[in-house]
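Numbering (the numbering used here), first residue to last: 885 to 1063. Built from N, CA and C at the ideal position, the CB exists for glycine as well. Read the structure below first, then the notes.
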Amino acid sequence: MTPPPVHSVTSDASDWVRRFIPLLPPKGDILDLAAGSGRHTQLLLEHGHRVTALDRDTGPLAHFAQDERVTILECDLEDGGAWPLAGRTFAGVVVTNYLWRPGLKDLVANVGPGGLLIYETFAVGNERFGRPRNPAFLLRPGELLEAVAGSLRVLAYEDLVVVDPRPAALQRLCARREF
Ligand SMILES: C[S@@+](CC[C@H](N)C(=O)[O-])C[C@H]1O[C@@H](n2cnc3c(N)ncnc32)[C@H](O)[C@@H]1O
């Protein structure tokens, strides 16, 4: 049998994502939203998952193009159209360093029964440290909790300033849709 391709992803994965990957349903299809170069796509593959990697610029995901475990979706989430993943569910949704506030509720709906939402991005207060500074890209206090309220059970949540790898104000959430 031909071994699966090995990808080169230089950036390290988020420790928050690493922490909760073991809680994902095994061998599920996971959505990596705004996947960038696919650092979490790669990590998820290494844990036995299939991955749908979505980004408006899929060039940096080209190294996954021959990998049958990866579905690459080129899509602009902010083009004013309907949510492109409406009606679809995944065993997990991973989002890091990206926020499209109008899509948050739709994103939560993409988490299937027993599935996890693993989210980490910048929060209000990050303006002090650097980019992003635009309030449209910064979570308001409690905003991730509000987004999942009534839908998902919160397993972990943090709203904090980190110093490593660089100072930043972040919110992080892991939440599960109960069966
Ligand atoms: C800061 S990068 C984060 C990448 C990845 N999640 C990570 O943490 O390594 C933000 C990503 O969001 C994508 N993005 C920005 N606006 C987008 C949009 N309107 N629709 C889809 N993806 C978008 C960018 O192309 C970029 O890959």
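Could you check what DSSP says for phenylalanine 1071 in three-state terms: helix, strand or coil? In the structure as shown, the chain starts at 885 and stops at 1063, and residue 1071 therefore has no counterpart that could be examined.
If you reduce the DSSP assignment to three classes, tell me which class phenylalanine 1063 lands in. Residue state, collapsed to three classes: coil.
How would you write the range of the alpha helix (DSSP H) that glutamate 1027 sits in, first residue to last? Bounds of the alpha helix (DSSP H) holding glutamate 1027 are 1027–1032.
Assign asparagine 1010 to one of two classes, buried (16 or more other C-beta atoms within 10 Å of its C-beta) or exposed (fewer than that). buried
Quick check on the burial criterion: 16 or more other C-beta atoms within 10 angstroms. Buried or exposed for asparagine 1018? Counting C-beta atoms within 10 angstroms of its own C-beta, asparagine 1018 has fewer than 16 neighbours from the protein chains shown and is therefore classed as exposed.
Determine the DSSP secondary structure at glutamine 926, reduced to helix, strand or coil. Residue state, collapsed to three classes: helix.
Please confirm whether alanine 919 and threonine 925 have their CB atoms less than 7 angstroms apart. Judged by their CB atoms, alanine 919 and threonine 925 are nearer to each other than the 7 angstroms cut-off.
Going by alpha carbons, who is nearest to leucine 938 out of Val1045, Leu915, Phe948 and Ser898? It is Leu915 whose Cα lies nearest to the Cα of leucine 938.
In the stretch 965–1011, which residue ranges form an unbroken beta strand (DSSP E) of at least 3 residues, counting only runs that do not cross its ends? 974–980 and 995–1006
Whole-angstrom C-beta distance between arginine 1024 and arginine 1060, which should lie under 8 angstroms: Not quite, the Cβ-Cβ distance comes to about 23 angstroms (not below 8 angstroms), so this is no contact.
Looking at the structure shown, is arginine 1037 part of a helix, part of a strand, or coil, going by DSSP? For arginine 1037, the three-state secondary structure derived from DSSP is strand.
Give the range of the alpha helix (DSSP H) segment to which valine 901 is assigned. 899–904
Considering only residues of the same chain and omitting the five flanking positions on each side of proline 888, which have a CB-CB separation below 6 angstroms? With a pLDDT of 47 at proline 888, under the threshold of 50, the modelled position of that residue is not reliable, and the figure given next carries that caveat. For proline 888, where only same-chain residues beyond five positions count, there are no Cβ hits under 6 angstroms.
Quick one: what's got a C-beta closer than 7 angstroms to glycine 987's C-beta in the same chain, skipping five residues either side? Leu961 and Trp967
Tell me, please, whether the stretch 950–957 touches the stretch 1024–1033 by the rule of three or more beta-carbon pairs shorter than 8 angstroms. Counting Cβ pairs under 8 angstroms, fewer than three are found: no touch.
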